[in-house]
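In my numbering, the protein residues as written are 315 to 646.
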């Protein structure tokens, strides 16, 4: 394929995304070892065949789907190293490590926990430094009925992910430096009959992905050929975001969806903050249990709230277009 997993890093057309073994020998503690999805955000944990939209929210796309960079983007000049291209595939909500987890039932309620230690290097089989990532997760769900991925119920959950990242060049200095990367959040989901809904709040502290210079393709030269655009990271900054999502099945084959999400990025300073706001209107047509068509229209808005409307960042952000997406998903 040609996507964030296969295109970034070494660019292999085929990548292994899941390879794990689960051991069920200890009561109340199952152990999973290998490469698998990390316990965390609901967007990341959802299987693709039940994900209700084509694209992720802004907070998930920019701050949870990790890009592994060697620098923060502060290096100047025209050398190709300035591009700061990703070193490996996008994180894909996965890591290599060991996890202990289980589920407990009490009446109509089901409680789940998970704790994990991982490399903190996504789906890459190598470990890029000696630091480890730590993951915690808890969920409690009032089960209404059904089974498997579309089981009906009301769930509340909370999660945490913490670790460190190493940069070779940061704040204009060419030396290895370590920075904290912490993510956490909480939310709820609901599915009963024709209605479903979800909401989640997420915070990010450290290693804030900050797009590219001027919003152009990283590696591009400016008009005078005196500077090259790079991908950028804010090692010591913060971000936060949330979304609310609702869906209604008009008939068994047709579901209508509406989602609002917002991301506040680089919130440590007013002049560095960027806000991304999106309304997504969607429809899903279910051909059968394993095939469906998804159509989304996204009304997108972005701004630098701490800068005048005539400032260059706001002029660039004002040019961001809406987005229309269509996807046919078939499981076989």
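No residue lacks a Cβ here, since even glycine has one placed at the ideal position from N, Cα and C.
Practice prompt. Specify the secondary structure class of residue 597 as computed by DSSP and reduced to three states.
Written response: Residue state for residue 597 is assigned as strand, using DSSP reduced to three classes.
Worksheet item: Closest to residue 611 by CA distance: which of 631, 641, 377 is it?
Response: For residue 611, the nearest C-alpha among the options comes from 641.
Worksheet item: For residue 575, which of 565, 614, 392 has the nearest alpha-carbon?
Response: 614
Fill in: C-alpha distance - residue 429 paired with residue 515, whole-angstrom precision
Going by the C-alpha atoms only, they are around 20 Å apart.
Worksheet item: Skipping 5 residues on each side, what residues in its chain have a beta carbon closer than 6 Å to that of residue 546?
Response: 387, 524
Fill in: contact_flag[the stretch 468 to 485, the stretch 437 to 453] where n(CB pairs < 8 Å) is 3 or more
yes
Worksheet item: Rounded to a whole number of angstroms, what is the C-alpha to C-alpha distance between residue 526 and residue 436?
Response: 21 Å
Worksheet item: Per DSSP, which one or two residues make a beta bridge with residue 455?
Response: 424, 469
Worksheet item: Got a sec? Which residues, its chain only, sit under 6 Å from residue 389 by beta carbon, not counting five neighbours each side?
Response: 396, 483
Worksheet item: What does residue 496 pair with, by DSSP beta-bridge criteria?
Response: 476, 519
Fill in: Cβ distance (whole Å) where residue 367 is taken to contact residue 608 below 8 Å
7 Å
Discussion item. Taking 8 Å as the threshold (C-beta atoms), are residue 577 and residue 372 in contact?
Written reply: yes
Worksheet entry | Segment limits, beta strand (DSSP E) that includes residue 336 | Element bounds for residue 336: 333 to 340.
Worksheet item: Is residue 362 helix, strand or coil when you go by DSSP?
Response: helix
Discussion item. Once the 5 residues before and after residue 606 are set aside, which same chain residues still bring their CB inside 7 Å of it?
Written reply: 598, 599, 600, 643
Discussion item. Going by the DSSP bridge assignment, what does residue 634 pair with across the sheet?
Written reply: Answer by DSSP bridge pairing: none, since residue 634 is not bridged.
Discussion item. Relative to the C-alpha of residue 459, which candidate in 505, 445, 489, 496 has its C-alpha closest?
Written reply: 505
Item to complete: Take every Cβ of the stretch 340 to 348, pair it with every Cβ of the stretch 406 to 424, and state whether three or more of those distances are shorter than 8 Å.
Response: yes
Discussion item. My parser needs the beta strand (DSSP E) runs of 3 or more residues fully inside the stretch 503 to 568; what are they?
Written reply: 509 to 519, 522 to 526, 545 to 548, 552 to 565
Discussion item. Using a Cβ-Cβ cutoff of less than 6 Å, which residues in the same chain neighbour residue 398 once the five nearest sequence positions on both sides are dropped?
Written reply: 383, 385, 387, 544, 545
Worksheet item: Three-state secondary structure (DSSP) at residue 320?
Response: In the structure shown, residue 320 sits in coil (DSSP, three-state: anything other than H, G, I, E or B).
Discussion item. In whole angstroms, give me the CA-to-CA distance for residue 327 and residue 403.
Written reply: 11 Å
Worksheet entry | Proximal residues to residue 558 (C-beta, below 6 Å), its chain only, five neighbours per side dropped | 513, 574
Discussion item. For residue 405, count the other beta carbons within 10 Å of its own beta carbon; 16 or more makes it buried, fewer makes it exposed. Which is it?
Written reply: buried
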